[in-house]
Amino acid sequence: MPRRKKRPKVQLPEVPPFPLESASCGATTMGREMLQELRDSWVAHHRSEASELEVTEAALDGTLWERKLGLVAQQRQQMEDYLARALGTFPEGAGTRRAAAFRVRLLANKAPRAGIIDIVRMAWRQDLIQVFNPFLSDAARQSVHDAVLTFLQLCVLEDKFKRIRAYAVGAVTPLLLQELLVTRQWEVRRHPQWLVFEVEGRLQIRPTQYIVAMKLIEDPGAVVQLNMGEGKTRVIVPMLVLHWADRQRLLRVTALTALLGEMFEFMQLNLCGGVLGRKVFLMPFHRDVNLDLDDVRAMHSSIDHCRRAGGVLLVAVEHRLSSQLKWHELRMKGEAALCSALSDLFAVPARELLDESDEVLRHKYQLIYAVGSHVPLPDGTDRWLSAEALLRVLRSARVLQVLNSDVAECKLSPERPEAFSRLRLLGGPKMEAACAQLYEVLAQELLETPPYELAWLRCYLSNAIIRRFLTKPEASEADLPLLAPERRSVLLALRGFLACGVLRHCLEKRHRVDFGVRRSGGGKRLAIPFRASDTPSERSEFGHPDCAIVLTLLSYYYDGLSRSELKAAFRKLLECGQSAQEDLYDAWFALSSETMADEARVTVDNVGKVDLSNELQFDVLYQHFHLNFETVGFWLKHCVLPVETSQFPHKLVANAWHLADNHDGLVHGFSGTNDNHRALPLQVSQKDVPALQGTNGKMLGLIMENPEFFVLPGHGPVRWQVVLEFVAERKVDVLIDCGALTAGASNLQ
């Protein structure tokens, strides 16, 4: 049998030293506060009074649990038989004409007979007992209801013993201990539907799940942390739905788009399709929807039906924000009637439940409606010329000397000299220390060797004021000499990239992990944010135009051009004047000619020989020019950036503060992490359960318990090939790529 180890009553367990005492983030006030929170969690985890069990050999004997299971199954069957008799017994003898008539209706199948589903429903609907046996007294009905609850608890216990038996036979000690530690912490009379949920789901609510659910129930405005994999979406959300969806107030659950479909299917199966019969509603919304009054009335009717039926409304983050921004858009258009109807829709009394609140309320997320007609990006040409010029000088030897392995990750490709070398700056103190020198060297290189379009920069090579303006954040525009407007805009753009840190910010991002170009599905050809390795973010784009320009340049430099894009670049080249064609093509050819075979070089060594209708020749052009730094830059400057960077004069913005807004302050949330609790909207606050204070400390402990690590070689094949060779060599079955080391490789590869 499992036996409980005796623990000292007074002496607390010894706490191991905190492993992050020397962390560099402790140099700031916020860093010290975060370290202290993690230290407290570390201590709480190691001093937690969680029961420690050791499993004896007898407990792993499957026959022991088989006997217990048989006993519980027998008691459950006896209780089921008792309920069948109690609901099917009616008065007999003289004076019972009503009972006789009821029995006749039963025989004629005109009166209902209680089945197992009806018995389960009696747990929270005691009126059904009267329906199936109208002759029971109040005391008898109460006895039947008590028996129903006992029957359901025996069902839960029977399922639990089945799990324990399986774990014992398979010697799965951790799961066996977990089952043994689960005890009921709540009254089944107060939450009978939770008991039914346990029976239908063949599970048992864990103490931590009950504690978190009650914290949210009793503390409006609370955001609670519960570790990942502890049943937040599959257990706690249904518990809260069954408790809150009371037909008086709408319950709205806001989830991430990626999880909404799965949550809907789970709710449909476990709350709607079963005995509980709770309706689950979805109400997607998008800006492209053309609303009229009938549409809004239909939405209002559906929401009201959801409330009156005790159902739950599932929405994605952007669905809620989009509907709110639609109201503002309609107001700007003067649609007073529609605005009034939408206001009535928003005024429906509701309670908000935020699943994965750490991401839902992430301060970086916002939804933007662009309003008005397209207008060109102000000084757009100067911006992308400046960005390209700085990326060009990044290739210089003097800059690469500053970017050593401590501050940057640089991958040169000797076999492709025409390609842009992959470069990523590494954050940290060493990068901070090297920034000033890097900006100085970049400015010096640019002033010495500017591109043709910015040749006038050479005039300021020895101008210390200009150099300081470009590289020092504290410099002022008032210090600049009198300049032509177009030159001033270039200097301002360069200052933004250097002194204001835009270039560094972009170079610290990982290609195809943090940003990239969506190659399928159409849409804009600018770089967009990525949610994970090779996973573009849906309907998102970078809000800062200078960041979008730099990241777009980097994306195409790294990926190269497709055949259609390269052909478009050559078409644009051939539309230029003869002199411009020759100068531009000579610059392209100079980069690519080194790797060309002699027979190929002869066929394309002059722009006059380029024939886009010749597919064989175009194969040669594609092989040697699709990664060409100059070719890619030309295509972007002439075919992409002038079109794709156009903006709108006005914007409507909604963010996490709008999601947390509720007339009555009834907003609740939970998530697996609490790292962003300082940035939460003021309508909510992090209020973790004391018993779960050690959650972060536990995760840190799990990391520290696995001291084995390997440093993969940083040179040689591409990174994902190195990872796969390591996996194959060690015969690893599963690869959890948290660091996106396999970015750029398909599952087939």
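No gaps in the numbering here: position 339 of the sequence shown is 339 in UniProt numbering, and each next residue is one more. The C-beta atom is built at its ideal place from N, Cα and C for all residues, glycine as well. In this text the structure is predicted, and so the values were computed from the model without any measurement.
In whole angstroms, what separates the C-alpha of A316 from that of V610? Start at 1 with the first residue of the sequence shown, and residue 316 comes out as number 316. Start at 1 with the first residue of the sequence shown, and residue 610 comes out as number 610. Each residue's alpha carbon lies about 52 Å from the other.
Cut-off 6 Å between Cβ atoms - residues of its own chain near D737, not counting five sequence neighbours on either side: Within the sequence shown, residue 737 is the residue found at index 737, counting from 1. Same-chain partners within the cutoff: there are none.
Using the beta-carbon count (16 or more within 10 Å), is M228 buried or exposed? For the purposes of this step, residue 228 is taken as the residue at position 228 of the sequence shown. Its Cβ having fewer than 16 others within 10 Å, M228 is exposed.
Sequence ranges, alpha helix (DSSP H) only - wholly within the segment 191–218, length at least 4: Taken in chain order, the complete alpha helix (DSSP H) segments of 4 residues or longer contained in the segment 191–218 are 192–201, 207–218.
Just the C-alpha distance for D146 and C155, rounded to the nearest angstrom, thanks. For the purposes of this step, residue 146 is identified with residue 146 of the sequence shown, where counting begins at 1. For the purposes of this step, residue 155 is identified with residue 155 of the sequence shown, where counting begins at 1. So the alpha carbons of these two residues sit roughly 14 Å apart.
Would A475 and R468 be called neighbours here (beta carbons separated by less than 7 Å)? Mapped onto the sequence shown, residue 475 falls at position 475. Mapped onto the sequence shown, residue 468 falls at position 468. Yes; because the gap between Cβ atoms is below 7 Å, this pair is in contact.
Is there a Cβ from chain D that is less than 7 Å from the Cβ of Y369? In the structure shown, chain D cannot be found, because there is only a single protein chain.
Would you kindly report the start and end of the unbroken alpha helix (DSSP H) that includes Y369? Stepping through the sequence shown from its first residue, residue 369 is reached at position 369. Taken as a continuous stretch (DSSP letters only), Y369 belongs to no alpha helix (DSSP H), being part of the beta strand (DSSP E) at 366–371.
Considering only residues of the same chain and omitting the five flanking positions on each side of G669, which have a CB-CB separation below 6 Å? Position 669 of the sequence shown, counting from 1, holds the residue named residue 669. Counting only Cβ-Cβ distances below 6 Å, and skipping sequence neighbours, we find V223, L354, S357.
Select from R504, C339, L482, L470 the residue whose C-alpha is nearest the C-alpha of A493. Locating residue 493 in the sequence shown gives position 493, counting from the first residue. Ranking R504, C339, L482, L470 by Cα distance to A493 puts L470 first.
Would you grab the beta carbon distance between A660 and L345 for me? Rounded to a whole angstrom, and I think it's under 8 Å. Walking along the sequence shown from the start, residue 660 turns up at place 660. Walking along the sequence shown from the start, residue 345 turns up at place 345. No, A660 and L345 are not in contact; Cβ-Cβ is about 19 Å, not under 8 Å.
Among the residues of its own chain, which have a CB less than 6 Å from the CB of L325, if the five just before and after it don't count? Residue mapping note: residue 325 aligns to position 325 of the sequence shown, counting from 1. Answer for L325: Y369, L652, A654, listed in chain order.
Pick helix, strand or coil for L457, following the three-state DSSP scheme. The sequence position of residue 457 within the sequence shown is 457, counting from 1. Helix, per DSSP.
Taking all protein chains shown into account, do 16 or more other C-beta atoms lie within 10 angstroms of the C-beta of R7, making it buried, or fewer, making it exposed? For the purposes of this step, residue 7 is identified with residue 7 of the sequence shown, where counting begins at 1. Its pLDDT being 47, under 50, R7 is placed unreliably in this model, and the value from its coordinates should be taken loosely. With fewer than 16 other CB atoms across the displayed protein chains lying within 10 angstroms of its CB, R7 is exposed.
Which ranges would you report for the beta strand (DSSP E) in the segment 524–591 if only whole runs of at least 3 residues count? 528–532
Strand pairing of residue 760, partner residues [DSSP]: There is no way to answer for residue 760, as the model of the chain reaches only from 1 to 749.
Need the endpoints of the beta strand (DSSP E) that E409 sits in, please. What you label residue 409 is simply residue 409 of the sequence shown in a count that begins at 1. Counting along the chain, the unbroken beta strand (DSSP E) around E409 starts and ends at 408–411.
Name the residue from V640, R519, A569 whose alpha carbon lies nearest to the alpha carbon of V550. Here residue 550 is taken as the residue at index 550 of the sequence shown, counted from 1. Taking only the C-alpha atoms, the option nearest V550 is V640.
At what residue ranges does the segment 283–323 contain a whole run of the beta strand (DSSP E), taking only runs of 3 or more? 312–316
Measuring straight from C-alpha to C-alpha, what distance separates E448 and R458? If you number the sequence shown from 1, residue 448 lands on position 448. If you number the sequence shown from 1, residue 458 lands on position 458. Cα-Cα distance, rounded: 6 Å.
Does DSSP put R424 in a helix, in a strand, or in coil? Within the sequence shown, residue 424 is the residue found at index 424, counting from 1. In the structure shown, R424 adopts extended strand secondary structure according to DSSP, grouped into three states.
From the DSSP output, read off the bridge partner residues of F281. Position 281 of the sequence shown, counted from the first residue, corresponds to residue 281. Partner(s): L313.
Return helix, strand or coil for V275, following the three-state DSSP convention. As a working note, residue 275 is residue 275 in the sequence shown. Three-state DSSP puts V275 in coil, outside helix and strand.
With a 10 Å radius around its C-beta and 16 neighbouring C-beta atoms as the bar for buried, classify Y167 as buried or exposed. Walking along the sequence shown from the start, residue 167 turns up at place 167. By the 10 Å Cβ count, Y167 comes out buried.
Does the distance from the C-beta atom of G560 to that of H626 stay below 7 Å? Locating residue 560 in the sequence shown gives position 560, where the first residue counts as 1. Locating residue 626 in the sequence shown gives position 626, where the first residue counts as 1. Against a cut-off of 7 Å, the Cβ pair of H626 and G560 comes out as a contact.
Going by alpha carbons, who is nearest to R206 out of R190, R189, I217, L226? Reading the sequence shown from its first residue, position 206 is the one you call residue 206. Comparing Cα positions, the closest option is L226.
Do the CB positions of E352 and N662 come within less than 7 Å of each other? Translated into the one-based positions of the sequence shown, residue 352 becomes position 352. Translated into the one-based positions of the sequence shown, residue 662 becomes position 662. Cβ distance < 7 Å, so E352 and N662 count as in contact.
Could you check what DSSP says for L652 in three-state terms: helix, strand or coil? Position 652 of the sequence shown, counted from the first residue, corresponds to residue 652. Reduced to three states, the DSSP call for L652 is strand.
Taking 8 Å as the limit between beta carbons, can you name the residues of its chain near E158, skipping five residues before and five after? To locate residue 158, count along the sequence shown from 1; it is residue 158. Taken in chain order, the residues that qualify are L69, V72, A73, R76.
By the three-class DSSP mapping on this structure, what secondary structure does H677 have? Sequence index remark: in the sequence shown, residue 677 carries index 677 (1-based). If DSSP states are grouped into helix, strand and coil, H677 belongs with the helices.
The beta strand (DSSP E) that contains V224, what's its start and end? If you number the sequence shown from 1, residue 224 lands on position 224. Here the beta strand (DSSP E) through V224 covers 222–225.
Leaving out the 5 sequence neighbours to the left and right, which residues in its chain are closer than 8 Å to H300 when beta-carbon positions are compared? On the sequence shown, residue 300 is found 300 positions in, with the first residue counted as 1. A341, D344, L345, V348.
State the beta-bridge partners of F634 as determined by DSSP. In the sequence shown, residue 634 corresponds to position 634, counting from 1. When DSSP reads this structure, F634 sits in no beta bridge, so it has no partner.
CA nearest to the CA of H650, picked from E262, M699, V643, S373: Along the sequence shown, read from residue 1 onward, the residue named residue 650 stands at position 650. Selected option, being the one with the closest Cα: S373.
Are the beta-carbon atoms belonging to Q185 and Y210 less than 7 Å from one another? To locate residue 185, count along the sequence shown from 1; it is residue 185. To locate residue 210, count along the sequence shown from 1; it is residue 210. The answer is yes: Cβ separation under 7 Å.
DSSP three-state assignment for residue 801, whether helix, strand or coil: In the structure as shown, the chain starts at 1 and stops at 749, and residue 801 therefore has no counterpart that could be examined.
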